[in-house]
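In my numbering, the protein residues as written are 1 to 110.
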């Protein structure tokens, strides 16, 4: 299989997975003053996810560089519901608790 064929397959697979519904809440959190995002995984996650565990990115920059409307799938891989994103402020305050954002678009203040 040629590189181009593999790359096209990967792009098609990511683009075909609309079930990563995390973008809207991430954009809302950015608009509310949150500025950091960190990938969190479960202990039994696959090697791709474990490789990226605890990586931290600037939220605005990360969202602006997305190729697809699938932030978690793009960071790890499609259908990976064992990972979530921890969103927080670089300078924490009581008005901005840490927020866990999940693949299905749900979230939880921590």
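Glycine residues also receive a C-beta, built at the ideal position from the N, C-alpha and C atoms.
Classification of residue i by the beta-carbon crowding that lies within 10 angstroms, buried from 16 upward
| i | result |
| --- | --- |
| residue 72 | buried |
| residue 85 | buried |
| residue 106 | exposed |
| residue 80 | buried |
| residue 95 | exposed |
| residue 26 | buried |
Residue i vs residue j beta-carbon contact at 8 angstroms
| i | j | result |
| --- | --- | --- |
| residue 35 | residue 63 | no |
| residue 103 | residue 22 | yes |
| residue 30 | residue 53 | no |
| residue 20 | residue 70 | yes |
Nearest to residue i (by Cα), restricted to the options the options
| i | options | result |
| --- | --- | --- |
| residue 48 | 95, 21, 74, 26 | 74 |
| residue 98 | 33, 19, 81 | 33 |
| residue 37 | 44, 56, 46, 20 | 56 |
| residue 92 | 70, 78, 110 | 110 |
| residue 44 | 82, 88, 77, 65 | 82 |
Residue range of the unbroken alpha helix (DSSP H) whose run includes residue i
| i | result |
| --- | --- |
| residue 66 | Where residue 66 is concerned, there is no enclosing alpha helix (DSSP H), given that its DSSP letter is neither H nor E. |
| residue 23 | 23-31 |
| residue 49 | 47-52 |
One or two residues paired with residue i in a DSSP bridge
| i | result |
| --- | --- |
| residue 103 | The partner list for residue 103 (beta bridge, DSSP) is empty, contrary to what the question assumes. |
| residue 40 | 84 |
| residue 108 | 100 |
| residue 90 | None, per the DSSP bridge assignment. |
Continuous beta strand (DSSP E) stretch holding residue i: start and end
| i | result |
| --- | --- |
| residue 58 | 56-58 |
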